[in-house]
Amino acid sequence: MLESYLTGLVVCGGIIVAIGAQNAYVLGLAVRREHHWWSAGLCMSTDLLLLSAGMFGMSAMLLAMPGALEVLRWLGVAFLGWLAAQALHRAATGRRGLDTAEAEGRSLTRVLLATLAVTVLNPQVYLDTLVLVPAVGAQQDSAAAFVAGAGTASILWFSLLAGGGALLSPWLARPTAWRLIDGGIGVMMAGIALQLAGGGLGEPV
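Positions 2 to 206 (the numbering used here) are the ones given, in order, by the sequence shown.
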């Protein structure tokens, strides 16, 4: 059982640690201290739900409906392109340092909806949580322990993003630092959107 738990921890951890659209979005919220723990909690919950569903057979249903992945792919391209344009605009025009007014600029509902969109509109998240991870989990002695390990990896990682980003926010609160952050996030979001548009699903989530 311990071996299954550790395998789930390592496999899932290796997949989610790579900085992708979802992780970059949560990190950006954390640095701005903008409902970041709520966003991280939603990411954790979504991971646990999809991982559990994958271990109980939803992966077969998803593979039987390739059209669903195609629709998600183009929705993801559009949404990631919009996020990239916003970030690059902020990088070009600059913004003030992090202050209370800016941190309260968006409602919790809006932040959670954006977090959910970044998560569910990326087909890679389904290939990872419903196909790749369960394929490894099916070979383990304890499926429950494997899912627990995978879920632990998600909880640890998003907690690190939310807590670490907020902790570093005083050093990243300068306008120049935010231009670099927004520029990096914008370029990365645009790159992932182009990768999805080209049909490639090998990028991290």
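For every residue, glycine included, the Cβ atom is placed at its ideal position computed from N, Cα and C.
A quick note: this is a predicted structure, and the numbers were derived from the prediction, not measured.
Helix, strand or coil: how does DSSP classify PHE147 here?
Residue numbering aside, residue 147 sits at position 146 when the sequence shown is read from its first letter. Looking at PHE147 - three-state DSSP - the assignment turns out to be helix.
Between SER155 and ASP48, is the Cβ-Cβ spacing less than 8 Å?
One-based indexing of the sequence shown puts residue 155 at position 154. One-based indexing of the sequence shown puts residue 48 at position 47. For SER155 and ASP48, yes; Cβs fall inside 8 Å.
Would you check if the distance between the CB atom of LEU157 and the CB atom of VAL32 is smaller than 8 Å?
Taking the sequence shown and counting its residues from 1, the one referred to as residue 157 is at position 156. Taking the sequence shown and counting its residues from 1, the one referred to as residue 32 is at position 31. No, the Cβ-Cβ distance between LEU157 and VAL32 is not below 8 Å.
If you run the structure through DSSP and keep just helix, strand and coil, what is GLN125?
Taking the sequence shown and counting its residues from 1, one reaches residue 125 at position 124. Three-state DSSP puts GLN125 in a helix.
Which residue wins for smallest C-alpha separation from LEU107, given the options GLN196, LEU181, ASP183, GLU35?
Along the sequence shown, one-based indexing puts residue 107 at 106. Reading off the sequence shown, one finds Arg at residue 107, where the question assumed Leu. Of the candidates GLN196, LEU181, ASP183, GLU35, the one whose C-alpha sits nearest the C-alpha of ARG107 is GLU35.
So, for GLY14: in the same chain, excluding its five sequence neighbours on each side, which residues have a beta-carbon less than 8 Å away from its beta-carbon?
Position 13 of the sequence shown, counted from the first residue, corresponds to residue 14. Counting only Cβ-Cβ distances below 8 Å, and skipping sequence neighbours, we find ALA154, LEU157, TRP158.
Put SER155 into one of helix, strand or coil per three-state DSSP.
By 1-based counting over the sequence shown, the position of residue 155 is 154. Residue state, collapsed to three classes: helix.
Taking DSSP as the reference, what is the three-state secondary structure of THR183?
By 1-based counting over the sequence shown, the position of residue 183 is 182. First, the amino acid is wrong: residue 183 is Asp here, not Thr. If DSSP states are grouped into helix, strand and coil, ASP183 belongs with the helices.
GLY95 (DSSP reduced to helix, strand or coil)
Walking along the sequence shown from the start, residue 95 turns up at place 94. In this structure, GLY95 counts as coil in the three-state DSSP scheme.
Does the CB of LEU50 have a neighbour CB from chain B at under 8 Å?
This model lacks chain B altogether, as it is built from one protein chain only.
SER143 to TYR6 span [Cα, whole Å]
The sequence position of residue 143 within the sequence shown is 142, counting from 1. The sequence position of residue 6 within the sequence shown is 5, counting from 1. Taking the straight line from one Cα to the other gives about 8 Å.
Can you tell which of VAL148, PRO171, GLN196, ARG175 has its C-alpha closest to the C-alpha of LEU51?
Along the sequence shown, read from residue 1 onward, the residue named residue 51 stands at position 50. Here the closest residue by C-alpha is VAL148.
Does DSSP classify TRP39 as helix, strand or coil?
Locating residue 39 in the sequence shown gives position 38, where the first residue counts as 1. TRP39 falls in the helix class under three-state DSSP.
Same chain, Cβ closer than 7 Å to HIS37, neighbours up to 5 away in sequence not counted
The residue given as residue 37 occupies position 36 in the sequence shown. So the qualifying residues of the chain are VAL27, LEU30, ALA31, ALA163, GLY166, ALA167.
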